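Protein chains in written order, with this note's numbering: chain A, 2 to 384; chain B, 2 to 384; chain C, 2 to 384; chain D, 2 to 384. Glycine is no exception: its CB is placed at the ideal position from the N, C-alpha and C atoms. It should be emphasised that the depicted structure is a prediction, and the values quoted were computed from it without experimental measurement. What follows is a short report on a single structure.
Number of protein chains: 4
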Amino acid sequence: MKANKASVKDLKNAAARRLFLEKELKVKLAAISQMNFTDADVAGHNIENLIGSTQIPLGIAGPIAINYPLISKLYYLPLATTEGALVASISRGAKAITTTGGAIVTLNTVGITRGPVFKTKNITHSHDTQKLIAKNLPKLQVIAKATSSHIKLTKIDINFVGKNLYCRFYFDTTDAMGMNMATFASQEICEAIEKLTGATLISLAGNYDTDKKPSWLNFINGRGKQVWAEITLTKKIVKEILKTTPEKVVQIVQTKQHLGSLMSGSLGMNAHFANIIAAIFIATGQDPAHVVEGSIGITTAEVETNGNLYFSIYLPSLIIGTVGGGTPLPTQTEALKIIGAKDANELARVIGAAVLAGELSLTASLAQGSLAHAHKTLARKKS
Amino acid sequence: MKANKASVKDLKNAAARRLFLEKELKVKLAAISQMNFTDADVAGHNIENLIGSTQIPLGIAGPIAINYPLISKLYYLPLATTEGALVASISRGAKAITTTGGAIVTLNTVGITRGPVFKTKNITHSHDTQKLIAKNLPKLQVIAKATSSHIKLTKIDINFVGKNLYCRFYFDTTDAMGMNMATFASQEICEAIEKLTGATLISLAGNYDTDKKPSWLNFINGRGKQVWAEITLTKKIVKEILKTTPEKVVQIVQTKQHLGSLMSGSLGMNAHFANIIAAIFIATGQDPAHVVEGSIGITTAEVETNGNLYFSIYLPSLIIGTVGGGTPLPTQTEALKIIGAKDANELARVIGAAVLAGELSLTASLAQGSLAHAHKTLARKKS
Amino acid sequence: MKANKASVKDLKNAAARRLFLEKELKVKLAAISQMNFTDADVAGHNIENLIGSTQIPLGIAGPIAINYPLISKLYYLPLATTEGALVASISRGAKAITTTGGAIVTLNTVGITRGPVFKTKNITHSHDTQKLIAKNLPKLQVIAKATSSHIKLTKIDINFVGKNLYCRFYFDTTDAMGMNMATFASQEICEAIEKLTGATLISLAGNYDTDKKPSWLNFINGRGKQVWAEITLTKKIVKEILKTTPEKVVQIVQTKQHLGSLMSGSLGMNAHFANIIAAIFIATGQDPAHVVEGSIGITTAEVETNGNLYFSIYLPSLIIGTVGGGTPLPTQTEALKIIGAKDANELARVIGAAVLAGELSLTASLAQGSLAHAHKTLARKKS
Amino acid sequence: MKANKASVKDLKNAAARRLFLEKELKVKLAAISQMNFTDADVAGHNIENLIGSTQIPLGIAGPIAINYPLISKLYYLPLATTEGALVASISRGAKAITTTGGAIVTLNTVGITRGPVFKTKNITHSHDTQKLIAKNLPKLQVIAKATSSHIKLTKIDINFVGKNLYCRFYFDTTDAMGMNMATFASQEICEAIEKLTGATLISLAGNYDTDKKPSWLNFINGRGKQVWAEITLTKKIVKEILKTTPEKVVQIVQTKQHLGSLMSGSLGMNAHFANIIAAIFIATGQDPAHVVEGSIGITTAEVETNGNLYFSIYLPSLIIGTVGGGTPLPTQTEALKIIGAKDANELARVIGAAVLAGELSLTASLAQGSLAHAHKTLARKKS
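Dropping the structure here:
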């Protein structure tokens, strides 16, 4: 078959591959040909068979204020998206939050996880292995450390069923997302566990991570960073900026985000975390497949005794980094500079605040009954 | 606060906004400034507050063959990603599949869904409303049709708890992803339901859709397109191209994709659907937040009596389109031309085949024990 | 080994088996020996190797009023339990409900389900089989009818993954719980499907039923009977009988039953449906393993504009009957007479009202902060 | 309304209450009147408004052998049930296991849990409270200990969303199931936490326990006792006793218990754990509402290289005790004597072995295609 003779893989660079495809498929790849990085910049460590670049519109939302113990800091939010109304909506939420003095954001670092599965001889062996691994954590931490100065094994969860033993290694990888580092370290740790216990590694990733899949394990134990963000808005601000009332916003959260998620068996007890996280992830060079974990999480809202609106979001498994992955690419580097976060924790806080802003604004639109209208006026301007 | 005086929103175009940010933040936005589309092309319907574009490396995998009843057709796969090894891995799977004669792909169109929630007076009213909506489906279909010639209301699921009644409208939107169309039509349908039943619309989207969140409702009833793809490989091909054995691949699928997902409470009973779907979605202008639904699904594998490897994937809720959204953008249009799908169904089949290729290849790497190695050699070339 | 020579199975009746055990184990089985049924009454169709009976304390709660369109009817609730405070708690809820005029209860009969799994040749065969079964529903309904005059096949859900095709047959079995009838009918239907489609039956029960396991499929599509019950209580009744306020009850429902269930990934979005259902099921001869489906379901509560408390419960999969199973046994027959339900629907309504009463009362206790106290005073009287 | 004048509650004993009901409802309660316990034995701590007893047929299965490091011990299994074929099926599994030398059973004691929810001032307060509780575990352990010499607080899990903070207290209650003890201790612990942190207790039970509801939290972290049991059977035993082959049994487990549970979103990845657990729980005086947690769990099976069948079950949250609750009742005490377990751990092992036997036998019936037949011949003997 044709596939067997010619191959883009054998061609030496993006230009040659484009030429091959343009001839082979009778298409023009003029737009794709424009790159502000070279083959050498990305070949291998970011991508193979490079043919050019995909360009996604980049918008700016904000500024949004985050309240730190002593100071309040303003951030602009770079958002790569093609969904009309999203940037405007996040900006509206940011305005309500910032006018009120800024979002409060707090976080726990759970760490990136890798979840290998081992084969044992029987449940007695599984049980002994469970105890033996727990007992040897310090030794395994030394082995992990030896693979990179940037990684630290912090914890191991272990469970088993029959002859199948599942581990969940938790790693602190400072400012890197760290999945690759964690994979290399896990390889060494698993070999040590095999020697130590006589169990046999079946798969370095056994879905007990759980990487790029939505799972209750991620939700309950967390993954990457657990981020919480909140704001309390006066009735007046809710009316003037969000065009609705605290009572209506709370009704939406209880009926849609909570009851609606229970009725549909959803792990995303929110309105649209995924939209905001996808737009920031793409803009800043995060892995867009990690939007899957990012989309799980809960929104809460309350009318306070003084009539104010309390609104909060919780992200149990935010997987991000400020170094490595797609972050060194030209547009991604500039986007990170726009945010100006000094480390992964600050970036996580900004993403938490952005999610708070976007969730608040859409929930208000639903309360106001203007969702269809908003999309009609904005998303359809052109047609 | 500073936020209140200056605003990027008031500036007239991307250039002005960049200039504002460069001054305000003391950054250079040279890379972001490069756009192969104009403000007018995207402003409003795709994005607000445009400042430029984000560039993501685009690689090419394949060709991959899909077997249609009479012909076998070859496709190249455009993949926008920054994860090293992904394009190479999909290409390897594509080679195994194509060498073997091509993937078989089949699908059902469930349709895009919108899931509003209504408030009723009591459970008797909820129950009556459930029956009344069902009885008036034809009337509501006429109302939906009136909102656009491209949309058709095909079905309504209804359930309730207390005074909260949840509907799930299913729409056929031909080659458009159709979420916006569905939202406009749902607005009209909901107003008709209010008149018809006396129930009050609380939220046009009640998480009973479930849009951009992983839910059992999406998994069990499907959303967008349900896509199945399969391939049967000889022992020889598995050994030569995938460097492992059918038995080992089956063991990974049973221990990781199935048991591992049960142990972690995962809705993604697969290895990495999200990686492949994110890369194709971004390249072809799909909504990257829909990767969330795309990441749910199941992989199966069997050793056949003759020793061959049977391998299949199932995507219960693939949300895609070949028109609208980000598809008209220059690089996205070229990427769609590279695939050359004549409609959304053909694009869905190609994505199904791509997921089959990527899932097969990674599962084989895990079986072979080469995951860490693969990332080390590819993803670390640069450092 | 000793096990191989002697066996209780070979002994002719309960008395002989008790004698064997008393000798073999040096125990006295005086209490177990008391039975108000004979070997012949139960041997085979209810149990094998009978040795006697287990006695469980039976208490009475109520009366509880249910409001039917024209009349209000009072019911006493027989409850077999060993959990102190349960009967008292349900009685307290019943008093609040009855004093207020009675519960409103409504239901849908989904029907008992059986979910076989078939093996197909490939996904094309799976897809064709899915369509073929749907097309032949009328023919399969005739086949089902032929197995018993008491059973009717009403619907079939079909889904597949790879070569595995899952069906969900829905049956109307009037006043019988009907699992056995459904199993016999399913056997015939499956043989017809094998002939019709060329698919091979792997298992008559493929967990797509889902019988006696908690599943989202049961929750979303329902099983047996979907039952909803509600009551609206004045502030005064809530204070005098339940010792708390509508606001506090609503806070518990939102924080425990809803948010708490989201936080723990629970399919039981309620306080203790399982307690009430287990007690009535055991008293009336239902299958106690069906408490598993009974424990899934949602409680809702609202403070109405006039300050009243609206409280409701929803049981998506209540599996019950008034004939067959354990219902003909002496104490179970008398318990059913105490309730006085003329058919399975009326029994389902009474169970719905009982669950409403028990859930209301415990939720109020939690709101009042008296849970520990209630158990201490009641459950510890003796010690 | 009639309900307001007369009340069974005011009557002094079971006889008087029966008399009242017989008159009021024109029924005879002769069978219910038979009790081998007195009002005083159960009134208050086990039940209120006693009217008599419910009698359930009690059958005997086994003996079943459990292999301990040095000895193999035989157990008879008392099973209270009205489901024909159940006792016979468990006996068949027990025979296969015992003939082969006995089941291997292992366990972890996770402990009974109580999961209160607190209200905080904001997420900063939630976060501080999370740390403060963790820091004060030793102090809280002393407080727990003071409530009973039989209880020990072993661990606390803490998570929060917005102003809602969820704790999960783990208790070791030795041989008692311990839910009441845990509730009393939790009350004291919660009052201490309120003083310590300024958070306000909303509900002593916040569904973060999760008690008598199926939840992923119970599945992932375990509750009560985690029990694993396994057996390896020769091809010959599988054929002679179970009438099928290892290959067919493994196919059922993979297609029904694993894939079927993934397809239906089930937390019970097994065939019928609930049947066996309900029958033993009722016979031995356990709380039948705890069958809900008992029904979650996983079955695994493998064909070993020598052609033998490996079969295992895992119960993540088995809630049982040998003292307290319904265990002191006459028939329940005798049933516990039949088992002859010296403590809760031994009882847990016997239940694990019983579940292994019942699951093995039903899975074999499904493999053999005899499910419908078995029920027809046994369950229908009478009709």
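Query	Result
By the 10 Å Cβ neighbour count, where 16 or more other Cβ atoms means buried, how is Met2(B) classified, buried or exposed?	The predicted model places Met2(B) with a pLDDT of 39, which falls under 50 and marks its position as unreliable; any figure quoted below should be read in that light. Exposed, by the Cβ-count rule.
Just the C-alpha distance for Gly322(C) and Gln258(A), rounded to the nearest angstrom, thanks.	36 Å
Please check if any C-beta of chain B sits within less than 7 Å of the C-beta of Met270(D).	yes
Using only alpha-carbon positions, find the residue among Met178(D), Asp288(D), Asp40(D) that is nearest to Ile277(C).	Asp288(D)
So, does the CB of Gln35(D) fall closer than 7 Å to a CB anywhere in chain C?	yes
Would Leu263(D) count as contacting chain B if we go by Cβ distances under 7 Å?	yes
Under the three-state reduction of DSSP, which class applies to Asp158(D): helix, strand or coil?	strand
For Glu49(A), count the other beta carbons within 10 Å of its own beta carbon; 16 or more makes it buried, fewer makes it exposed. Which is it?	buried
Using beta carbons (cut-off 7 Å, strictly below), is Tyr167(B) in contact with chain G?	Looking for chain G here will not work: the only protein chains present are A, B, C and D.
For a contact meaning CB atoms closer than 9 Å, what does Leu260(A) contact in chain C?	His259, Met270, Ile299, Thr301
Would you verify that the beta carbon of Lys382(B) is, or is not, closer than 7 Å to some beta carbon of chain A?	Unreliable positioning characterises Lys382(B) in this predicted model, as indicated by a pLDDT of 43, which lies under 50. The coordinate reading is nonetheless provided below. Chain A, which has a Cβ nearer than 7 Å to the Cβ of Lys382(B), makes this yes.
Please report the straight-line C-alpha distance between Leu452(B) and Ser90(D), rounded to a whole angstrom.	With chain B covering only 2 through 384, there is no way to say anything about residue 452(B).
Work out the CA separation of Ala95(C) and Ile281(C) for me, nearest whole Å.	15 Å
How long is the line joining the alpha carbons of Leu218(C) and Tyr209(C), rounded to whole angstroms?	8 Å
My assumption, with CB atoms under 8 Å, is that Thr332(C) sits in contact with Thr235(D). Please give the rounded CB distance.	Their Cβ separation, rounded to whole angstroms, is 45 Å, which puts Thr332(C) and Thr235(D) out of contact at 8 Å.
Gly112(A) to Met182(D), Cα distance in whole Å?	36 Å
Could you tell me if Ala290(B) is buried or exposed, where buried requires 16 or more neighbouring beta carbons within 10 angstroms of its beta carbon?	buried
Beta strand (DSSP E) containing Val228(B): first to last residue?	225-234
Are the region 96-110 of chain D and the region 159-172 of chain D in contact at 8 Å, needing three or more beta carbon pairs?	no
Since Phe220(B) meets chain D, which of its residues come closer than 7 Å, beta carbon to beta carbon?	Gly266
So Leu22(A) and Tyr77(B) are in contact, right, with Cβ under 8 Å, and what is the actual spacing, rounded?	6 Å
Report yes if the CB atom of Val88(D) is closer than 7 Å to the CB atom of Gly207(D), and no otherwise.	no
If you measure from the beta carbon of Lys214(C) to each beta carbon in chain D, is any gap under 7 Å?	yes
Note down the Cα distance separating Ser267(D) from Thr211(C), rounded to an integer number of angstroms.	8 Å
Between Thr233(A) and the rest of its own chain, which residues show a CB-CB distance below 6 Å, the 5 nearest in sequence each way excluded?	Asn309, Tyr311
Determine the direct distance from the alpha carbon of Phe170(D) to that of Ser318(D), and round the result to whole angstroms.	15 Å
For the alpha helix (DSSP H) that Leu319(C) lies in, which residues bound it at each end?	Leu319(C) -> not in any alpha helix (DSSP H); beta strand (DSSP E) instead, spanning 310-319.
Can you look up Pro117(D) in the DSSP assignment and give me helix, strand or coil?	coil
Taking the alpha helix (DSSP H) that Phe21(A) falls in, what are its first and last residues?	15-26
Could you tell me which residues DSSP puts in a beta bridge with Ile299(D)?	Met270(D), Tyr315(D)
State whether the region 220-233 of chain B contacts the region 118-132 of chain C, with contact taken as three or more CB pairs (one from each stretch) at a distance under 8 Å.	yes
When the cut-off is 7 Å and only beta carbons count, does Ile190(D) lie next to chain C?	no
Quick one: which chain C residues come within Cβ less than 9 Å of Gln252(D)?	Lys120, Ile203, Ser204
Looking only at C-alpha atoms, which of Val293(C), Ile61(C), Ala104(C), Ala135(C) sits nearest to Phe1(C)?	The structure shown does not extend to residue 1(C), since chain C spans only 2 to 384, so no value can be given for it.
Can you tell me which residues form a DSSP beta bridge with Phe172(C)?	Ile113(C), Leu154(C)
Where does Ile52(C) fall in DSSP's three states?	strand
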